[in-house]
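Note sheet for the following structure.
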Ligand SMILES: [Zn+2]
C-alpha cells in the first residue's frame with residue numbers, strides 16, 4: 002500500500018514524487034529487474050479458479066540467487082551502473098495475473114531457507130524504496146502468502162494533522178507475516194482513500210474495518226499475533242487482500258476512483274462521507 006494516502010505528489014519532496022519512481026531517466030536502476038523478472042505467470046495445469054493448490058510457473062522465474070545476481074550485474078554493466086548497486090525486484094502492476102490469483106501458503110519447514118529469506122528481504126527493500134507502507138509477495142511476482150508492512154514518523158509527517166488523526170494513523174515498526182490469517186473485530190468501519198504500489202498514481206475510497214487481528218508466522222517461523230486498529234488495520238486488510246488476488250479497486254466505493262492530483266476534489270453526490278462509522 003502506498004505511504005502517501007492523501008497528498009498530491011506536487012507537494013512531496015522530489016525523492017517521494019511518483020514521477021521519480023517510474024521515470025527511467027531519474028531512476029534508471031528500476032529498469033534492470035525487467036531483465037530478471039517476468040511477472041506474467043502461466044498455470045502448469047488447467048485447474049479451476051477455486052483450486053487452492055493451483056501451481057504457477059513463470060516463463061522467467063524469480064530467482065533470488067547468485068545466478069540472478071550475475072544477470073543483474075550484466076544488466077548494470079550494460080546500463081553503465083557498475084555491479085555494486087543492490088538489485089531491486091520490480092513491483093508488478095495491475096493487470097498481471099499474479100495479482101489476481103490466490104497466493105499459496107509458505108511451507109513452515111521452508112521459512113528458514115535462503116530462498117524465502119531472500120524474498121522477504123527483497124520485499125522490504127522494494128517497499129522502502131517505493132516508498133510504501135505495505136507490500137505483498139505477489140506484488141513482486143511471487144505467489145506466496147507473505148506480507149511486510151511498516152509506517153514511519155516521516156511518512157506520516159507528509160500528511161495533514163487532521164487527516165492523520167481521523168485515520169488513526171500511528172507509526173509502527175516493520176512487521177513481516179507469513180501465512181497471515183485476518184479476523185475482523187467489531188462492527189465499526191471507516192471510509193478513506195487508499196492507494197496501492199501496483200496501481201500507480203490513483204486513489205479510491207475503500208471501506209475497511211477499524212479493528213482486526215492477524216495471526217501468522219514470523220520470518221523466524223514463530224507464531225505471531227497482531228492486534229491492530231485504525232490505519233495499521235487498513236494496511237493489514239489491504240495486504241491480506243493481495244494474497245487472495247484482490248486489489249483495492251475490486252472493492253472500492255464506486256465513483257471514487259481518481260488520480261492523486263484530484264484527491265481533494267469533492268466526492269460525487271451520494272458517495273459516503275470520509276471517516277469512521
Ligand atoms: Zn496494494
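Numbering (my numbering), first residue to last: 2 to 278.
Using N, Cα and C, we set each Cβ at its ideal position, and we do this for glycine too.
On a predicted model such as this, the values are computed, not experimentally measured, just so you know.
Looking at the DSSP output, residue 186 shares a beta bridge with 212. Close to ligand 1, as judged by a C-beta nearer than 6 Å to any of its heavy atoms, are the residues 2, 197, 198, 199, 239 and 243, in chain order. CA-CA distance, residue 234 to residue 88, rounds to 31 Å.
With 16 or more other Cβ atoms inside 10 Å of its own Cβ, residue 139 counts as buried. Here residue 168 is buried: its Cβ has 16 or more other Cβ atoms, across all protein chains shown, within 10 Å. Here the C-alpha atom of residue 147 lies approximately 13 Å from the C-alpha atom of residue 128. Bridge pairing for residue 259: 204 [DSSP]. Exclusion of the five residues before and after residue 245 leaves 103 as the residues of its chain whose Cβ lies within less than 7 Å of its Cβ. Here the C-alpha atom of residue 225 lies approximately 22 Å from the C-alpha atom of residue 170. For residue 154, the secondary structure class from DSSP, reduced to helix, strand or coil, is helix.
In this structure the region 202-209 lies against the region 256-267, because at least three pairs of beta carbons, one per stretch, are closer than 8 Å. Residue burial is scored here from C-beta neighbours: residue 133 has at least 16 other C-beta atoms within 10 angstroms and is therefore classed as buried. Under DSSP, residue 148 takes part in a beta bridge, and its partners are 137 and 178.
Per DSSP, the continuous beta strand (DSSP E) segment holding residue 226 begins and ends at 224-230. Assignment of residue 110 by DSSP, reduced to helix, strand and coil, places it in the helix class.
Taken atom to atom, the span from the alpha-carbon of residue 135 to that of residue 255 is near 24 Å.
A direct Cα-Cα distance of roughly 25 Å separates residue 183 from residue 131.
Taking the C-beta atoms as reference points, residue 142 is found no nearer than 7 Å to residue 181. 265 is the residue among 115, 265, 272 and 270 whose C-alpha sits nearest the C-alpha of residue 161.
Just so you know, the alpha carbons of residue 164 and residue 110 end up roughly 43 Å apart.
The beta carbon of residue 177 sits closer than 7 Å to the beta carbons of 121, 149, 219 and 220 from its chain, once the five residues preceding and following it are set aside; these are given in chain order.
Annotation: the continuous alpha helix (DSSP H) that includes residue 167 extends over 162-168.
Apart from the 5 residues on each side of it in sequence, residue 214 sits with its Cβ closer than 8 Å to the Cβ of 183, 184, 186, 226, 227, 228 and 229 in its chain, given in chain order. Within a 10 Å sphere around the beta-carbon of residue 191 sit 16 or more other beta-carbons, which makes this residue buried.
No residue range can be given for residue 245, since it is assigned to no alpha helix (DSSP H) and is classified by DSSP as neither H nor E.
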